[in-house]
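Residue numbers (my numbering), protein chains in the order written: chain B, 1 to 163; chain H, 164 to 553; chain C, 554 to 766; chain R, 767 to 1179.
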């Protein structure tokens, strides 16, 4: 009898406490600084072009193989990079939002954006192209507190991986 | 459609009218799952019933077999990191605990040392994950017994914990935060304060959990004396975790073979006496409190310093094998890794999942009980199908 | 490419503000993101003009889900039904739709394997019309991290037609709610456009491998 | 049935300003006023059920730390209309395995008895309108026991004809439950009938105004009746018939659209009905508070009785809803045990005590109450003593005592 009454009292107590509900469409979720939404490409405002050099490390490191990119010879001469991306696609439907692509990028060219409202009527629209990835990355800055590279990085910076 | 008919073929034939005329009880086969409110995912039980009594139970698994181990062995670059994506999603309720086991295995394989701070943070986050997972158990178990409110209570706490995971690792469920040699990055500045807030909130919530159903007579009558598993049988089956401890054996990997820095903390291993569903429930509730004890001690001693050891960014461990076991929230979780010494991905990945082993005790628990009890007994095993099927 | 990609929308800049002001309900004014604006655009209450719209309003306001929890996403889906997010606010009641016969919406959350696919199909066929399907998360959308594994179906739309896809692994509860709001918008649009479109098989197949020239 | 008495009472209840053609009996003794009353009653039941469902979802929400329906209409008030509209336009499936005749019939057989029972409820007076009661049968108590019992047939039909094993199990459970709980309910009602010396519900309410409310005179009877009716309408914690976590939806598994809506309607109408009956039989019907007549405040109840009746009814509905979200579900054998080993003896004790009160007066009744309480205390004490020590304490002590095993106990990997 005591336990049953205890259940009644506990529910009465919670009935009288304030609900914890967050009214989503009207209230934004408090996204943490490290929240990993869709991956995005960063834009270098100083030289007004994309940071990426099309080294393909992100695509090869992606556990879901959701990144596809093609590079092009870089001819503008604004920076000393050799290549620049022509096309860059990420299938956000397949992406597992793990952040590995950001972690392995040696040029800090991408970052996980806070963009998470990824509902569509057509799953092909979840394949984001270069422009969209730059767009969702606008305003996103490279996060501080990234682990500093420790020691040599064998293998990764092999010039043969550049295209 | 061809695939649609294949499930029809699995259905048992309905007993004939002639059999019914004999006024004998006719066995009925009932197909519970793969989609049923209380099979905890895509588990399927084929119950043979005599009235309401369960005469036999046949379990079917494999509805979520998606190659977590095999996919961990692939990848031309960063293979050791890629394996963690699927590992996180095997036991999707205790992801950080499993990551701990995995990175320990990689560290053992490659001979990497881990800084103190990283070890402490791993313990803190691991114990929070344990609370998170047991919360899910609490809610689901309450729902199995027919109470809807426990779920809500449990998830109110889970939301706070997931918010912490998001702050620390960037994702609510699968932060993918541990790395061989330490952590991906240091915890945020206000980590200690936030964990302390969760500890306070959790202690408050556990009392609510207790008040709601622990002493409830209906709940007691539903779970007490049900699904008894004695110690010998449990050991024969290889059962571990709260199921084994409910039989009275204080076996906890954190104590029996202390890994990481668990030998530095004072905590109790709750054990039961009879090994019924109620004791499993109580043990899990008590374990949450013990986790809080560990977290509080670890927070007090949390040292400053680096969180990443001297690990190469692209791992290529020497040829060899490593097996590491930890106590995850369901029992003895093991990771077995083989490296061929050449590639940057493990040659072989194998997980010893406690759920899969614990699930074998289902028949011992369920046969001879009522249908309603079968659901409760299954809930007390606390399976995660991602880990059963892998 | 040959694939039509919609115009991107600027989200990130708006989220740069850590704390948003408390917005009044139904306020579609400045400061709100286009996506959040979405709900405000939907008709509130019975101010609809035709009977058809009235019925569609009823349907979108009372989407009883068949909670098809398959894997990890199921946990986030349960989270969405629970206290913090509370889908009951929109009329999605979690306690009734245990059986497909009484549900309108199937939320496929998790990896669909070849062993599970027939059951998904059967349960979808058992649901009475009108019915809708939400594919939640990467696995249900196109196989997700497991797309390489032979037992995994490359998206639930190979088995049943899907109305709304939600990316994420798993999607946040807010992302699921956003998907449901998108679905409600779609339902309201169906009041004007007639019956629901069938799945475009070519589109589905094209989703399997994006050929980049 | 005493037709004359019934029609006389009806005429008494009809206010004097009503024109004669309205109250003149037509076909089957039904007057136009009766027909209007029926329609009004049906509308009332349907609307009350919608409000009740909304209320339940709100109550559930706030108990569970959330908000409940919020965005469909102000505070979700249009949620139930939306649900009904949707159910109306939903496809009406009849499974292949289902019986084509019985399957569509079952929902009506479940809803109609519940609705019919509303006929005898004495709702109480309201200014100008007189006393609201559609048919004040002299055998009202028998009627209200007999008619809802027909529900069981409908549920069995639903469960059997669906061609689904879950629904078959559910309907088997329903039958067992209905048969078991009918008995304590009737026994509890015997005490009520004895106190009022009548089977007419209006008379019972009026007698309570004279003698005091039955809930104070026979609290055991009230408890037995309330719990038994709660079980009869399959409400938690007695909802084994629809137990969602075990047999998915019981007899209603295969029903869709408005057919299922009828079951849902019947369930919530039954909650309303049983709250109304409990109010009329035990809580003094439309009286404001016990003893108001002695204080000279009887006129309030005579003028606005309907409102008080509704108020009491809603409080009971809330309690029933509260129980649903506070308690786990019983198992079938425990449910049967509860009916036969607790409610039935308790009903008999109440019967005997009431008989003592009626025959021997208040003093022996008080002694009887005292004896019963003492006996109950002894029973409870022995029950507590027989129970093993609390497992909670056991786990706590074991936790403190547990020592680390030196090395693993050799678990197979």
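Where is the CB? At the ideal position from N, CA and C, for every residue including glycine. Since we're looking at a predicted model, the values are computed, not measured.
{"Asked": "For chain A, check one thing: does any of its Cβ atoms lie closer than 9 Å to the Cβ of residue 1091/R?", "Found": "Absent here is chain A; the protein component of the structure consists of chains B, H, C and R."}
{"Asked": "Is there a Cβ of chain C sitting closer than 9 Å to that of residue 855/R, yes or no?", "Found": "yes"}
{"Asked": "Could you check whether the Cβ of residue 637/C sits closer than 9 Å to any Cβ belonging to chain R?", "Found": "yes"}
{"Asked": "With a threshold of 7 Å on Cβ separation, who are the neighbours of residue 90/B within its own chain once the five nearest residues in sequence on each side are excluded?", "Found": "39, 66, 67, 128, 133"}
{"Asked": "Just verifying my parser: in three-state terms, what is the DSSP assignment at residue 802/R?", "Found": "helix"}
{"Asked": "Check the C-beta distance from residue 69/B over to residue 92/B and give it rounded, since I have them as a contact under 8 Å.", "Found": "So it is not a contact: roughly 15 Å between Cβ atoms."}
{"Asked": "Indicate whether residue 1019/R and residue 957/R have their beta-carbon atoms separated by less than 9 Å.", "Found": "no"}
{"Asked": "In whole angstroms, what separates the C-alpha of residue 1128/R from that of residue 984/R?", "Found": "12 Å"}
{"Asked": "Going straight from the alpha carbon of residue 906/R to that of residue 964/R, what length do you get?", "Found": "9 Å"}
{"Asked": "With distances taken from CA atoms, which of 345/H, 335/H, 225/H is nearest residue 472/H?", "Found": "345/H"}
{"Asked": "Do residue 736/C and residue 616/C have their C-beta atoms closer together than 9 Å?", "Found": "yes"}
{"Asked": "Would residue 533/H and residue 207/H qualify as a contact pair, given that the criterion is a beta-carbon distance under 9 Å?", "Found": "no"}
{"Asked": "Cβ of residue 295/H within 9 Å of Cβ of residue 1094/R?", "Found": "no"}
{"Asked": "For residue 1074/R and residue 677/C, what's the separation of their Cα atoms in angstroms?", "Found": "48 Å"}
{"Asked": "Report yes if the CB atom of residue 111/B is closer than 9 Å to the CB atom of residue 141/B, and no otherwise.", "Found": "yes"}
{"Asked": "Report the rounded CA-to-CA distance for residue 546/H versus residue 116/B, giving the unit in angstroms.", "Found": "30 Å"}
{"Asked": "Report yes if the C-beta of residue 1048/R is less than 8 Å from at least one heavy atom of the ligand FAD; otherwise report no.", "Found": "Summarising the ligand content, the structure contains no ligands, and the ligand FAD is consequently not present."}
{"Asked": "Can you list the residues of chain R that residue 382/H reaches, using a CB-CB cut of under 8 Å?", "Found": "1094"}
{"Asked": "I want to see whether chain R comes within less than 9 Å of residue 208/H, judged by CB atoms only; does it?", "Found": "no"}
{"Asked": "Which residues in chain R sit within 9 Å of residue 654/C, going by Cβ to Cβ distance?", "Found": "859, 861, 1015, 1018, 1019, 1020, 1021, 1022, 1023, 1026"}
{"Asked": "Reducing DSSP to helix, strand and coil, say where residue 669/C ends up.", "Found": "coil"}
{"Asked": "For residue 495/H, does the count of other Cβ atoms within 10 angstroms reach 16, so buried, or fall short, so exposed?", "Found": "buried"}
{"Asked": "Taking all protein chains shown into account, decide if residue 1048/R is buried (16 or more other Cβ within 10 angstroms of its Cβ) or exposed.", "Found": "buried"}
{"Asked": "Residue 856/R: buried (16+ other C-beta within 10 angstroms of its C-beta) or exposed?", "Found": "buried"}
{"Asked": "Any C-beta of chain H sitting closer than 9 Å to the C-beta of residue 47/B?", "Found": "no"}
{"Asked": "Just the chain B side, please: which residues come within less than 7 Å of residue 312/H by C-beta, in chain order?", "Found": "11"}
{"Asked": "What span of residues does the alpha helix (DSSP H) with residue 80/B cover, start to end?", "Found": "First-last for residue 80/B: undefined, no H or E at that position."}
{"Asked": "Does chain R have any CB closer than 9 Å to the CB of residue 173/H?", "Found": "In this prediction, residue 173/H scores a pLDDT of 42, lower than 50, which makes its location untrustworthy; no coordinate-derived value is stated."}
{"Asked": "So with CB distances below 7 Å, who are the chain B contacts of residue 241/H?", "Found": "61, 100, 104"}
{"Asked": "Applying the criterion that 16 or more other CB atoms from any shown protein chain within 10 Å of the CB defines a buried residue, is residue 213/H buried or exposed?", "Found": "exposed"}
{"Asked": "Under a three-way DSSP split, which group does residue 620/C fall into?", "Found": "strand"}
{"Asked": "Where does the unbroken beta strand (DSSP E) through residue 889/R begin, and where does it stop?", "Found": "Looking at the DSSP string, residue 889/R is not in any beta strand (DSSP E), and its letter there is neither H nor E."}
{"Asked": "Can you tell me which residues form a DSSP beta bridge with residue 662/C?", "Found": "622/C, 689/C"}
{"Asked": "Taking the alpha carbon of residue 2/B as the point to measure from, which residue in 412/H, 377/H, 325/H, 481/H has its own alpha carbon closest?", "Found": "377/H"}
{"Asked": "Classify residue 554/H: buried if its beta carbon has 16 or more other beta carbons within 10 angstroms, exposed otherwise.", "Found": "Because chain H is modelled from 164 through 553, residue 554/H falls outside the range shown and cannot be assessed."}
{"Asked": "What whole-angstrom Cβ distance do residue 330/H and residue 351/H have, given they're in contact under 8 Å?", "Found": "6 Å"}
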